[in-house]
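Notes for the one structure printed next.
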Amino acid sequence: MKNQPVQDAYSHMSEQYIALFDGDWEAHGDDTALVRGHLVGLAGAVLDLGCGPGHWSALLHSLGADVTGVDLVPEFIDYARTNFPGPEFRLASMTDLGLPDRSVAGILSWYSTIHLPPPELEGVLTEFRRMLAPSGKLVIGFFDSDDEVAAFDHKVHTAYRWPADEFSARLTNAGFIELQRSRKQFPDRPDRKYAAIAATPVAF
C-alpha cells in the first residue's frame, strides 16, 4: 500500500488536526459503548491502528485495556507520547507491524482505512485478521453511504464512503463475522454519515 501521500498530508495539517481533539474531546456515547463493549476486558494486547493524536488510545487505557497506539504521522505520535503517558505509542504502518499471527486480542481501526482505494481494503482487513487471536475483536469505523462506494474530497486527503452492507461483505471476505453495527449522521454535517462495525475472526 502506498501510504506516503497520506502521511505527508496529515503531517502538513497535523496542528489543525490535533486541535480538533485537544482539550475537551469526548467521543459520542454510543461510539464509546461500542468500543468499550468489544475491546475492554480482553485477555491480551489491543492495537489502536491509525491512532492519530492518541485520544482513543488514552480512553482505552483509562478503561483498563493494554493498548498500543500506532500511526504513520510523527507529529501525532510525538503529541500522544507527550500528552498521554499511559499507553505505548508506535510510529509505524498499520499493515507492516511485524507481529506474529494471532498475537493480538483486539484492534480498533477508527477511520484509519478511509483513505484506502477500494481494491486495497480487503488486503488490509486480511492483515488485521492475521494478527487477531481466534477470539479477538475488531471495531472499525468508516464513512457511510446509502448507495455505492464513492470517493469524496476529504479535507486532508481523498477518502471513500462505503455502504455498511458492502463494508460488512468485505469483512466477511477477509475472514470476519459481524457482531454489531452502528450507523449515525454527523450532528454538524447533515450531508455526511458514518458507521462502525464490531467483528470477530471466523474460526479455522
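Numbered per the numbering used here, the sequence shown spans residues 1362 to 1565. Every residue, glycine too, gets a C-beta built ideally from N, C-alpha and C. Computed from a predicted model, the values in this text were never measured in an experiment.
| Asked | Found |
| --- | --- |
| Using 8 Å as the cut-off, can you tell me whether the segment 1423 to 1432 makes contact with the segment 1484 to 1496, which would need three or more C-beta pairs spanning the two stretches below that distance? | no |
| DSSP on residue 1564, reduced to helix/strand/coil? | coil |
| Measuring straight from C-alpha to C-alpha, what distance separates residue 1362 and residue 1456? | The predicted position of residue 1362 is uncertain, since its pLDDT is 42 and thus under 50; a value taken from the coordinates is nonetheless stated next. Going by the C-alpha atoms only, they are around 8 Å apart. |
| By the three-class DSSP mapping on this structure, what secondary structure does residue 1544 have? | strand |
| Considering only residues of the same chain and omitting the five flanking positions on each side of residue 1368, which have a CB-CB separation below 7 Å? | 1433 and 1434 |
| For residue 1445, does the three-state DSSP call read helix, strand or coil? | coil |
| Along the beta strand (DSSP E) that carries residue 1429, what are the first and last residues, could you check? | 1427 to 1432 |
| Where does residue 1553 land, buried or exposed, given buried means 16+ other C-beta within 10 angstroms? | exposed |
| To the nearest angstrom, how far is the alpha carbon of residue 1479 from that of residue 1510? | 8 Å |
| Just to confirm the assignment: which complete beta strand (DSSP E) runs, minimum length 3, are found wholly within the segment 1453 to 1478? | 1465 to 1471 |
| So what does DSSP say about residue 1486, is it helix, strand or coil? | helix |
| Please identify the residue among 1428, 1395, 1477 and 1500 whose C-alpha is closest to the C-alpha of residue 1365. | 1477 |
| Can you give me the start and stop residues for the beta strand (DSSP E) that residue 1396 sits inside? | Looking at the DSSP string, residue 1396 is not in any beta strand (DSSP E); the run it does join, the alpha helix (DSSP H), is 1390 to 1400. |
| Pop quiz: residue 1489 and residue 1470 are said to be a contact at Cβ under 8 Å. What is the actual Cβ separation, rounded to whole angstroms? | 7 Å |
| Which residue's Cα is closest to the Cα of residue 1402: 1555, 1443, 1411 and 1428? | 1428 |
| DSSP state of residue 1380, grouped into three classes? | helix |
| Can you list, in chain order, the residues of its chain with a C-beta nearer than 7 Å to that of residue 1454? Leave out the 5 residues immediately preceding and following it. | 1364 and 1433 |
| Please return the same chain residues whose Cβ sits closer than 7 Å to the Cβ of residue 1531, not counting the five positions on each side in sequence. | 1482, 1483 and 1486 |
| Near residue 1472, what residues of its chain come up, given a Cβ to Cβ distance below 6 Å and the 5 sequence neighbours on each side ignored? | 1502 |
| In this structure, does DSSP put residue 1407 in helix, strand or coil? | strand |
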